[in-house]
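Worksheet: one structure, shown below.
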Amino acid sequence: MSRPAFLPGEAPAQAGAGAPSPAPTDGTPGFAALWELAGLWLLIVLAGVLLIAFLLLNIRTQEEQGIQRARLSLTLAGLQETIEGDLALGLDLPDHRAIQPKLEKALASDRQLHAIDVVDRAGIALFSTDRGTIGEPLHARVAQAAEAGARGNRTWTALVGNEAVMGLPLHNAFGEVVGHISTSYAAPAPALQWADGSALRDKLLNPILLTTLAILALVVLVGWAAARWALAPQYRRLAHERTGRMAQALAQSAAVRQRMDDCLARLDESERLE
Amino acid sequence: MSAPRRPRRPSAALRLGWIALALLLLAAAVLAWNTQEQLRGMRQESERVRAQLMADSLSQRIGHALDIGIPLDALVGVEALFNQRLGAHAEIQSIALLQGPGKVLWFTEREKPAREPAGTMADAPVVVHGEFRGIVRLTLQESGPGPFVRSAAILLLPTVLLLAALAYLAARFSEAQGVKLRNHAVRLAMRAIASGRYDRSVVLPHRRGFDLRAQQLGHAVRGVHETLTRVRRLISSLRQTEPQAQRREYLDMLLAEAQGSHRFAEHGLTQVRVVAAEAQAFWISLLVTLSAVALLGLAASASNAAFETALGRTVLLPGLFTAAAAVAAWVTQGRRWPVLSVLFTACAGLGVLAVLMASGVLADQGPLQVLAGTALCCGALAGAALAACTTVEQAPRRQDFKHAMPRWHRATLGAWLGVAVWLGPALGSVTFAALGGFHGVLALTLPLLCAGFLLMRWNEPRSPWRHRVSAQAATATAARDWGIAAGIATASGLLVAQGWMAGTTVPHSLADAAVACALGVGVLLGLLDPLRRRRHKGAALALAAVLNGLVLLVPDTAAWQAPALAAAALLTAYLLGHAMASTQRTLHLSASAMLLGAAVGVLLAAGLAAVGGPPASLGLVATLALLASWWAQPGVRPWQPARRDGDAA
Chain A
970 MSRPAFLPGE APAQAGAGAP SPAPTDGTPG FAALWELAGL WLLIVLAGVL
1020 LIAFLLLNIR TQEEQGIQRA RLSLTLAGLQ ETIEGDLALG LDLPDHRAIQ
1070 PKLEKALASD RQLHAIDVVD RAGIALFSTD RGTIGEPLHA RVAQAAEAGA
1120 RGNRTWTALV GNEAVMGLPL HNAFGEVVGH ISTSYAAPAP ALQWADGSAL
1170 RDKLLNPILL TTLAILALVV LVGWAAARWA LAPQYRRLAH ERTGRMAQAL
1220 AQSAAVRQRM DDCLARLDES ERLE
Chain B
5 MSAPRRPRRP SAALRLGWIA LALLLLAAAV LAWNTQEQLR GMRQESERVR
55 AQLMADSLSQ RIGHALDIGI PLDALVGVEA LFNQRLGAHA EIQSIALLQG
105 PGKVLWFTER EKPAREPAGT MADAPVVVHG EFRGIVRLTL QESGPGPFVR
155 SAAILLLPTV LLLAALAYLA ARFSEAQGVK LRNHAVRLAM RAIASGRYDR
205 SVVLPHRRGF DLRAQQLGHA VRGVHETLTR VRRLISSLRQ TEPQAQRREY
255 LDMLLAEAQG SHRFAEHGLT QVRVVAAEAQ AFWISLLVTL SAVALLGLAA
305 SASNAAFETA LGRTVLLPGL FTAAAAVAAW VTQGRRWPVL SVLFTACAGL
355 GVLAVLMASG VLADQGPLQV LAGTALCCGA LAGAALAACT TVEQAPRRQD
405 FKHAMPRWHR ATLGAWLGVA VWLGPALGSV TFAALGGFHG VLALTLPLLC
455 AGFLLMRWNE PRSPWRHRVS AQAATATAAR DWGIAAGIAT ASGLLVAQGW
505 MAGTTVPHSL ADAAVACALG VGVLLGLLDP LRRRRHKGAA LALAAVLNGL
555 VLLVPDTAAW QAPALAAAAL LTAYLLGHAM ASTQRTLHLS ASAMLLGAAV
605 GVLLAAGLAA VGGPPASLGL VATLALLASW WAQPGVRPWQ PARRDGDAA
């Protein structure tokens, strides 16, 4: 129940009685004060460190892919050179029966490769280490990449599920693109694909992530100290204010209240005398 | 003579901003070094294998020739073969054919800088029928960490700057609605007591147990008021029953003595609520717009192939976004919906859109339709949120509210501009590069969650957030005011288009990233720390026009073109931010009108792009628009006396 503003005959309340307790006087900000100033700031910095870590993980994944592609492109370039040499002698690509054993020999020499195919300009497989695919068209995404590679006369790559496909255009004696030689291999897992249990363990034991965890802990510690440093001028100001203007304002209001209390006392006195 | 400037107090937000920059740079450097160390071993092993494979291939070709009976030293075309390999594989430094140790028969080498160290070397013996004939020696170029450092720097430096800016803004917002709000309320209360005013008490919306100064002072004032009320009631009661006139005069004298020369309330105390409405509106507007623009930026990065042309990137997405924002802001103002309903709907709508994008439901549609729909949806929700936040920003004009100090001029519109020019597109692009489509979209809902949490905390009785959206009082009826606003809004649209072009290419080009960062930092600096003197602004505008003109004249190949472009963008954006902040008091236009002007600016940018104008031309036109706006303001013409207005206060 709230206290009424005025009760007849009640003794005047003391100034400051029931007032909120004053601010901490030890001059050091507590957790709530630090969190109020630097909570959002700290969350953003921590999220930023994670974002930087994932950016670098992606750069690393791309480098790994580049290294893998560079190595596999040697095998393909060797086969391309051999086949184009034969085509320059006048052999037609579909009739060149010696291609099949060369593909199988190349496949046997590299365990990373899943299959090697030779396709015509329309994307139909002419020779393949996977015999079942001969006569089959390329996957739509791969066909699109192959067409772009043929236009730019460069190595092309495409991703189909968990398998990457890399290819090179094949030219005849007149420099026209008559087909492609392509190979498929297991694509490196993206940085954030953690579905597999063993992959998850590998990712968690990754030195980058371990370093990131250490940096996150460091950021929390430094952030705590930084927030205290940032709040230091405010607490100096509070200490100065507590003995200066604040105390003066409270004293002024207490004096006014005292004056009124004196008035009440004089009223009581005069009533008593009457 | 002007009064000497007071030294600035150290700002906690600025300290935290610098520390955030240092921490993020340190984290980026350590993690990049760690990654480089991991990649070095992998790269060396790969190069060794590649060198060996290439050397083996050459030795087999030479072995075939020897197999048909040609002596090694009589081979023809070896040099052509070596040159063909050098041409096919750019990483080969040299190839040599040796007959026994030390006797070089053929040697072909690529030109290289004198001090470059030798790379990986591989030897492959030439063997015919089991008999050793010679050695093919192949050397690769030293790859080094250069490409990795370059690609990491292109990605990490703009990201660090972006995150440090966000961290600084968060600290500034926290400081404004915490420490500075309480300091200002205490200052108001102490000033009132010092001047003898006990007729009002200063109230803060949230009580903080660690700092109860305002509550202490309010309690002291209430105590005085309550005691006076007791004195008044007692004297009034005695006076009514007192038959002697002399005695009644004595009672009046006692009351007059008690009151003294101070001012007291006749009835109840007036409560003045000090609110950090501008800082809060800034932060909510920033969070909602950040999610909206970043989602759009991420969608654009994910389907970059569909919009290869500069025109598509310049016009379609920012144009649709801004136009939808203008229409939604206008509708929201007209319907006068409750502020909190609008903001919760915007957060929920953007969250649903993010979930739809992550689930792949939209993947069946064409990329053009998806992007256009995303731009319209994000723009509409961001525009409605902007109109709602603008209402909150203006709520303290009511008698029972008071603004926290220092003021945040044009808080919501400034936040919208900073996000649309830099923070949004860059964050969307970087998030896609780091987390990919699925996780990136989900990560971009975090600002929405933060905004929803804060709005729930601020949803309390007598909060400025419990109003209905209203259009600002349209006092800008003079043609001159419309001219000033048109210049600023058009410049905003032009820089939004330029920022979008530069920001969505952050992972690809350091020059573009520098321009995007310069635009964003400039706008934020202009908004938060504007120039004080008008004549300085005139000189800065002239300098910006000259700098933008020079950038257009410099050929693309010049080495200092990129720094000059970034400097011109920084200055132009700073002047735009300053123009927006400095017209806070003199120019009162609704959010929808400003957004409409910005949409016109994007359209102008489209026209410039369509006629083949380079992105730097947008900066020049924006500077000219700002110059025209500045010229239209009163008190800047040389033949008119300078007018003192209240801006400097």
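The listed protein sequences correspond, in order, to chains A and B.
Just so we're aligned, residue 970 is where the first sequence starts under the working numbering, counting upward by one.
Just so we're aligned, residue 5 is where the second sequence starts under the working numbering, counting upward by one.
Note that CB positions come from ideal geometry on N, CA and C, so glycine has one too.
Within its chain, find whatever has a CB closer than 6 Å to the CB of residue i; leave out the 5 residues flanking it on each side and keep chain order.
i, result
"leucine 185 of chain B", "Ala280, Ala408"
"alanine 1114 of chain A", "Trp1125, Ala1127"
"leucine 384 of chain B", "The sequence shown places alanine at residue 384 of chain B, not leucine. So the qualifying residues of the chain are Ala328, Ala332."
With DSSP run on the structure shown, which of helix, strand or coil describes residue i?
i, result
"glutamine 1221 of chain A", "helix"
"arginine 212 of chain B", "coil"
"tryptophan 334 of chain B", "helix"
"phenylalanine 1143 of chain A", "coil"
"glutamine 1081 of chain A", "coil"
"histidine 1149 of chain A", "strand"
"valine 140 of chain B", "strand"
"leucine 1107 of chain A", "coil"
"alanine 269 of chain B", "coil"
"leucine 1060 of chain A", "coil"
"serine 307 of chain B", "coil"
"proline 1070 of chain A", "helix"
"arginine 1241 of chain A", "helix"
"threonine 1126 of chain A", "strand"
Which residues in chain A have a C-beta closer than 7 Å to the C-beta of residue i? List them in chain order.
i, result
"asparagine 38 of chain B", "Pro1176, Ile1177, Thr1180"
"serine 61 of chain B", "Gly1047"
"leucine 43 of chain B", "Arg1029, Glu1032"
"glutamate 179 of chain B", "Leu1006"
"alanine 32 of chain B", "Ile1021"
"valine 335 of chain B", "The contacting residues do not exist; valine 335 of chain B stays about 32 Å from chain A at best."
"glutamine 103 of chain B", "Within chain A, no residue comes near glutamine 103 of chain B; the closest Cβ sits about 25 Å away, beyond 7 Å."
Comparing alpha-carbon positions, which option in the options lies nearest residue i?
i, options, result
"threonine 163 of chain B", "B/Gly491, B/Phe436, B/Gly81", "B/Phe436"
"leucine 165 of chain B", "B/Leu291, B/Ala544, B/Leu347, B/Trp426", "B/Trp426"
"asparagine 1027 of chain A", "B/Leu459, B/Leu35, B/Trp420", "B/Leu35"
"valine 359 of chain B", "B/Leu448, B/Leu417, B/Ser433", "B/Leu448"
"leucine 431 of chain B", "B/Asp533, B/Ala415, B/Phe457, B/Leu294", "B/Leu294"
"leucine 299 of chain B", "B/Leu608, B/Glu397, B/Phe442", "B/Phe442"
"asparagine 1141 of chain A", "A/Arg1214, A/Arg1090, A/Leu1012, A/Ala1016", "A/Arg1090"
"methionine 46 of chain B", "A/Ile1150, A/Leu1020, A/Gln1031", "A/Gln1031"
"leucine 1012 of chain A", "B/Ala59, B/Leu450, B/Leu29", "B/Leu450"
For residue i, which residues of its own chain have a beta-carbon under 7 Å away from its beta-carbon, when the five flanking residues on both sides are left out?
i, result
"asparagine 87 of chain B", "Thr112"
"aspartate 404 of chain B", "Gln275, Val276, Arg277"
"alanine 566 of chain B", "Ala515, Ala518"
"arginine 1197 of chain A", "Pro998, Leu1003"
"alanine 1094 of chain A", "Asp1086, Val1088, Thr1102, Ile1103, Gly1104, Glu1105"
With a CB to CB cut of under 8 Å and the five nearest residues on each side skipped, what residues in its chain are close to residue i?
i, result
"leucine 255 of chain B", "Ile239, Leu242, Arg243, Glu246"
"threonine 1200 of chain A", "It should be pointed out that residue 1200 of chain A corresponds to leucine in this sequence rather than to threonine. Result list for leucine 1200 of chain A: Pro998, Ala1002, Leu1003, Leu1006, in chain order."
"alanine 262 of chain B", "Leu232, Val235"
Quick one: list the residues of chain B neighbouring residue i, beta-carbon separation under 7 Å, in chain order.
i, result
"alanine 1199 of chain A", "Ala16, Arg19, Leu20"
Taking Cβ-Cβ distances shorter than 9 Å, what residues in chain B pair up with residue i?
i, result
"methionine 1229 of chain A", "Val228, Thr231, Leu232, Arg234, Val235, Ala262, Gln263"
Below 8 Å on C-beta distance, what does residue i contact in chain A?
i, result
"phenylalanine 286 of chain B", "Those do not exist, as phenylalanine 286 of chain B stays about 13 Å from chain A at its closest Cβ, beyond 8 Å."
For a contact meaning CB atoms closer than 8 Å, what does residue i contact in chain B?
i, result
"valine 1191 of chain A", "Ile23, Leu27"
"leucine 1043 of chain A", "Arg54, Leu57, Met58, Ser61"
Identify the contact partners of residue i in chain A, using a Cβ-Cβ distance below 9 Å as the criterion.
i, result
"glycine 123 of chain B", "None at all; the shortest Cβ gap to chain A is about 14 Å."
When Cβ atoms are compared, which residues of the region 1005 to 1017 of chain A fall closer than 9 Å to chain B?
-> Taking 9 Å as the Cβ-Cβ cut-off against chain B, the residues of the region 1005 to 1017 of chain A that qualify are Glu1005, Leu1006, Ala1007, Gly1008, Leu1009, Trp1010, Leu1011, Leu1012, Ile1013, Val1014, Ala1016, Gly1017.
Between the region 1201 to 1221 of chain A and chain B, which residues of the former have a C-beta closer than 9 Å to a C-beta of the latter?
-> Contact annotation: in the region 1201 to 1221 of chain A, residues whose CB is within less than 9 Å of a CB in chain B are Ala1201, Pro1202, Gln1203, Arg1206, Leu1207, Glu1210, Arg1211, Arg1214, Met1215, Gln1217, Ala1218, Leu1219, Gln1221.
Interface residues of the region 1112 to 1132 of chain A facing chain B [CB-CB below 9 Å] = Against chain B - using a Cβ distance shorter than 9 Å - the region 1112 to 1132 of chain A contributes no residues.
With 7 Å as the C-beta to C-beta threshold (strictly closer), list the residues of the region 436 to 448 of chain B near chain A in chain order.
-> Within the region 436 to 448 of chain B, the residues whose Cβ lies closer than 7 Å to some Cβ of chain A are Ala437, Ala438, Leu439, Gly440, His443, listed in chain order.
Residues of the region 140 to 156 of chain B with Cβ closer than 8 Å to any Cβ of chain A, in chain order | Under the 8 Å Cβ criterion, the region 140 to 156 of chain B contributes Phe152, Ser155, Ala156.
Of all the residues that make up the region 563 to 580 of chain B, which are near chain A by a beta-carbon distance shorter than 8 Å?
-> Against chain A - using a Cβ distance shorter than 8 Å - the region 563 to 580 of chain B contributes no residues.
What are the residues of the region 263 to 281 of chain B that lie near chain A, defined by any Cβ-Cβ distance shorter than 8 Å?
-> Contact residues of the region 263 to 281 of chain B toward chain A are Gly264, His266 (C-beta to C-beta distance below 8 Å).
Check distances from the C-beta atoms of the region 238 to 251 of chain B to those of chain A and list, in chain order, the residues that come in under 9 Å.
-> Listed by position along the chain: Leu238, Ile239, Ser241, Leu242, Arg251.
The region 1084 to 1101 of chain A: which residues have C-beta closer than 7 Å to a C-beta of chain C, in chain order?
-> Absent from the structure: chain C. Protein chains present are A and B.
Residues in the region 352 to 363 of chain B with C-beta within 7 Å of chain A's C-beta atoms, listed in sequence order?
-> So nothing in the stretch comes that close.
Interface positions of the region 157 to 174 of chain B facing chain A (Cβ-Cβ less than 7 Å), listed along the chain = Per Cβ criterion, the list reads Leu159, Leu160, Thr163, Leu167, Leu170, Ala171, Ala174.
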